[in-house]
Amino acid sequence: MYRSHVLVCGGTGCTSSGSHQICAELEKEIKKQGLAEEVKVVMTGCFGLCALGPIMIVYPEGSFYSRVKVEDIPEIVSEHLLKGRIVSRLLYQETVQTDGSIKSLNETNFYKKQHRVALRNCGVITPENIEAYIAEDGYQALAKALTEMTPQQVIDEISASGLRGRGGAGFPTGRKWSFAAANQADQKYVCCNADEGDPGAFMDRSVLEGDPHVVLEAMAIAGYAIGASQGYIYVHAEYPIAVHRLQIAIDQAREYGLLGKGILGTDFNFDIDLRLGAGAFVCGEETALMTSIEGHRGEPRPRPPFPAVKGLFQKPTILNNVETYANVPRIILKGAAWFSSMGTEKSKGTKVFALGGKIVNTGLVEIPMGTTLREIVEDIGGGIPNGKKFKAAQTGGPSGGCIPADKIDVPIDYDNLIAIGSMMGSGGLIVMDEDNCMVDIAKFFLEFTVDESCGKCTPCRIGTRRLLELLTKVTEGKATMEDLDKMEQLCYYIKENSLCGLGQTAPNPVLSTLRYFREEYEAHIKDKSCPAGVCKKLVRYSINDNCKGCTACARKCPVGAISGAVKQKHVIDPATCIKCGVCMETCKFGAIEKK
Amino acid sequence: MGKQTISKIPFSGTPEQEAQLRGKIDELKQQPGALMPILQSAQEIYGYLPIEVQKIVAEELNIPLEEVYGVVTFYAQFSLNPKGRYKIGVCLGTACYVKGSQDVFDKVCSCLNIGNGDITEDGRFSLEATRCIGCCGLAPVMTVNDDVYGRLVPEDIPGILAKYQD
C-alpha cells in the first residue's frame, strides 16, 4: 500500500511540454528522499486541461499542480510528499482560495460543468496496465453481455440508450448494429475508426492514449452483438503514443483471455488487429477506410451496398468511431435509461470537444448534450484571451461551419447544429476572435479539402479546386459580386453531386461563412480591404507619427519600399511593398500599422 | 494530394536493408491487406520509398508496380523523397492556424530557403506542414525530430534552427 499517489499526465500535450522528464525527476527525487515505498508515481492519460501542461495531481489530497517544471520537483517532493505541506505557489491558482484553503478540482470552472463518461478513465488510471482498467469495472460489461444477455438484448440496450455515432454524422449506433446482425455470413467484421483527421481535433487520440481498453471491450461487445469474430482498429499513424498503448492493451487483453478464443470461458471468439492509416483524410469515410484496410488506395465507393451488407473484404461490417465505443461499456453496465437521462430529446449522453484556438483553457472537455456554446466558451473555456471579442466558433472541421456570436446560446446537439448550418463533427471546436478573417478561414478549410480530395469523382476533385480559386480571388481583392453568386451555386452543386461525405460537406465552411459573415466577403470585394487585417494581398502597411526616423525599417526592408530622411517620418510605398511584415518586426516604437 | 517533385539524390540502399525488407515482406504477406503494413515497414527501413524499393515490394507480392506506386502516392505519410537528418514539422491544424502558424511556417521556409516537402541541399533539414499533432494547448507548434516547440512566434525560428547545426 502506498500512502500517496502522484498522477502525471502522459497525454500528447503534456508529454510535448516535458512530462516524461517530470516523471523521471519525480522517481529520482522520491528515491533520494527515501519515499519509494510510500509514494507511487503513475503516468496517466489526458486530464483535459492541456493549456496548463505539464500537469500532475497528488492524491489523497487531490492537489493540482500545473505548468510543472523539473526544477520544482525537489521542492514538491520534500515539502508536499515528505512533510505534507502543499506547495500552494505551484498549484493551479484557481484551486487556491482567498483564505488559503484548497478547493477540489471538480469545483473549478473548467471541470464543474463537465460530465465525464467517455473520458471517465482518462487522467485517472495508467493506460498501460490492464489491471488498472479492471479495477475501474473494466471488462465487466463484456462479462455481463456474454453471460447474461443475448446478442439481440445487447443491440436493444444500445438502441434504447439513444447513442448516436460520435464521428460526426450521428447515425443511431443500435440501428447500425442491428443491420449487420441481420445479415448472415460466414465472417463479419467490427471496425473502429481511429483515423482522426480533422485538423484541430484530438478527442479520440486522448481516449486511445488514456483508456485504450475501453475501445477493445466495446469492440468485443459489438462483435458478440453482430456475430463477428475479428476486429480492426484503423488508427492514425501520426499518433505514435496511441498506437503503442493500443498494442500493449491488445497484448494484455489476449494474455488475460479477454480477447482470443473462448473469452471468459464462453464459446465466444474475438480478436483485434491494428491497422495504421497513412495520412489520408478521406479514409475517415467508412467505405474508404475499409478499402484502405484491404491494402488499396483509400478511395470511397458508392453506397449501397452499405457496409452492413458488404463491407470489409465484402463481408458484413460495422464501423464506429472511438468515442462511440467509449460509451458502450457504460451503457451495458449502467443501463440505457441511465444514459438517455443525459442530453436532449434526440441527442443523448455527452460529447467530447477539443477546445482550441483563441481560448484561455485549451483542452479537452466532455459536456452533456444540450450545453450551450456560451457555457463552453465562457465558463469552461475561461473566455477569450487578451480582452478580445468572441467572433465565431468553428465546429465539424473541414465539413462543418461557423457558429456566430448571436447563436452562442443555442444548446449544442446534432440537430440544432445542422439547423444553424454547422455540424457536430467529430468534436473539434475552434474559437475565433475579431483578429480572424472568416474568408481566410473558409479558404484554409478549402485548401485542406482540395489537398485531401481523393480525385475519384469530378464534382469534388475539380469543383473544390474551382471554389478555392474563387475564394482566393476574394482574398486578393480581385473578385466581383457575381463571383459570390457563382461560389454559392458551385457549393450546392458540389454538395449534391459528390460521391462521399468529404465532397458533400466540403463547401460547408464557405456556405456558413457566407451566411453569417457575408459583409466580410463584401468588404473584400467592394472595399478591397480585409477587416481583420489577415489577407496579405489586401493588407496595407503604413507608418504613423510614432516614427522617430531611426531608419531601422528602411534598412531591413527587402524591396526598398521605405524611404525618408534620418530623424524624419518615413513612408512606405504601397506599390513596392510586398507585405512581408519585416518593418513591423523591426520597429521599436510601434510606428508601423497594418490595416 | 499535393504535388511531389522527385529528388535527384541517388538511391543508396544496402544489401542488409534489402534482406531486411524481403524478410519483413515474407512475414507479412499472408495477412489480408498486406500492402500497407509492408510499405510502412519499408519506409521504416529506408526512411522513404524510392522506386527501387517499390520494385522489390511489387516483385515479392507479385503485383504490378503501378499498383504499389498508386498506393504510395495516395497517402501523405509515404514519401518518395529522403528526409533530412532533422525533420521539421510545422502544425497547420486549425487550432495552430488561427493562432498564426502560417507565419511560423513561412519563416521556416525563408530561413531555410525550402518549401513544403523539400529538403535542404546539405540534407540537414526537411520541412513538412503537418496536420494537427494533438497538442493544441501549445499552439502554434513545431517539431524537430522528437523535440516539440510550442507557443511560437516567427522570431523564435532562427534561434531554434541554430540548435541543429551539427
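As they're listed, the protein sequences go chains B and Z.
Heads up, the first sequence is in my numbering, so the first residue is 1 and it goes up one at a time.
Heads up, the second sequence is in my numbering, so the first residue is 1 and it goes up one at a time.
Heads up, the beta-carbon is just placed ideally off N, CA and C, and yes, glycines get one too.
Rounded C-alpha distance that separates residue i from residue j
i, j, result
"B/E488", "B/L511", "7 Å"
"B/Q252", "B/P509", "43 Å"
"B/C583", "B/K389", "27 Å"
"Z/G2", "B/D451", "With a pLDDT of 45 at Z/G2, under the threshold of 50, the predicted position of this residue should be treated as unreliable, though the coordinate-derived value follows. Computed Cα separation, rounded: 6 Å."
"B/L146", "B/T266", "7 Å"
"B/E61", "B/L364", "23 Å"
"Z/V90", "Z/P154", "12 Å"
"B/N121", "Z/Q17", "42 Å"
"Z/G123", "Z/D166", "11 Å"
"Z/I57", "Z/I38", "According to the sequence displayed, residue 57 of chain Z carries Val and not Ile. Taking the straight line from one Cα to the other gives about 8 Å."
"B/V410", "B/K112", "20 Å"
"B/I367", "Z/L138", "23 Å"
"B/L538", "B/L467", "20 Å"
Closer than 8 Å at the beta carbon, the chain B residues around residue i
i, result
"Z/I45", "Residues of chain B passing the Cβ test: none, with the nearest at roughly 15 Å."
"Z/A34", "G295"
"Z/R124", "Ordered by position in chain B, no residue passes the 8 Å Cβ test against Z/R124, which lies about 23 Å from the chain."
Buried versus exposed call for residue i [16 or more other C-beta atoms within 10 Å across all chains shown]
i, result
"B/D440", "buried"
"B/K391", "buried"
"Z/L49", "buried"
"Z/V68", "buried"
"B/I331", "buried"
"B/L386", "Sequence inspection shows Asn at residue 386 of chain B; the Leu mentioned does not correspond to that position. Classification for B/N386: exposed."
"B/D406", "exposed"
"B/H193", "According to the sequence shown, residue 193 of chain B is Asn rather than His. Buried: at least 16 other Cβ atoms inside 10 Å."
"B/T95", "buried"
"B/V8", "buried"
"B/N320", "buried"
"Z/A95", "buried"
"B/R465", "exposed"
"B/D99", "exposed"
"B/D34", "It should be pointed out that residue 34 of chain B corresponds to Gly in this sequence rather than to Asp. Exposed is the call here."
"Z/N81", "buried"
"Z/L127", "buried"
CB contact flag (residue i, residue j, <8 Å)
i, j, result
"B/S292", "B/G298", "yes"
"B/R205", "B/T15", "no"
"B/L471", "B/L446", "yes"
"B/P300", "B/L499", "yes"
"B/I30", "B/V41", "yes"
"Z/L92", "Z/S101", "yes"
"B/I76", "B/L90", "yes"
"B/S426", "B/G53", "no"
Partner residues on chain Z for residue i, Cβ-Cβ distance less than 7 Å
i, result
"B/S16", "C135, L138, V148 and G150"
"B/P316", "Within chain Z, no residue comes near B/P316; the closest Cβ sits about 16 Å away, beyond 7 Å."
Any C-beta of chain Z under 8 Å from that of residue i
i, result
"B/L538", "no"
"B/A237", "yes"
"B/Q394", "yes"
"B/L499", "no"
"B/G560", "no"
"B/P54", "no"
"B/R292", "The amino acid at residue 292 of chain B is misidentified as Arg; the sequence shows Ser. Yes, B/S292 counts as interfacial toward chain Z."
"B/N544", "no"
"B/N436", "yes"
"B/F313", "yes"
"B/L319", "no"
"B/E585", "yes"
Neighbour flag for residue i against chain B, beta carbons, 8 Å
i, result
"Z/Y75", "yes"
"Z/Q30", "no"
"Z/V98", "yes"
"Z/A19", "no"
"Z/F78", "yes"
"Z/E155", "yes"
"Z/A109", "Looking at the sequence provided, one finds Cys at residue 109 of chain Z rather than Ala. Answer no: the Cβ-Cβ gap between Z/C109 and chain B never drops below 8 Å."
"Z/V144", "no"
"Z/M1", "At Z/M1, the pLDDT of 40 sits below 50, so the modelled position is not reliable and the matter cannot be decided from this model."
Interface partners of residue i on chain Z, CB under 9 Å
i, result
"B/R164", "Simply none; closest approach about 24 Å."
"B/M432", "V98"
"B/C460", "Near B/C460 there are no residues of chain Z at all, since even the closest Cβ is about 13 Å away, more than 9 Å."
Residues that residue i contacts on chain B, provided the C-beta gap is smaller than 7 Å
i, result
"Z/R22", "Those do not exist, as Z/R22 stays about 18 Å from chain B at its closest Cβ, beyond 7 Å."
Heavy atom of the ligand HEM within 7 Å of residue i beta-carbon
i, result
"B/G162", "You won't find the ligand HEM in this model; it holds no ligand whatsoever."
* **Interface positions of the region 340-359 of chain B facing chain A (Cβ-Cβ less than 7 Å), listed along the chain** => Of the chains in the structure shown, none is chain A; the protein chains are B and Z.
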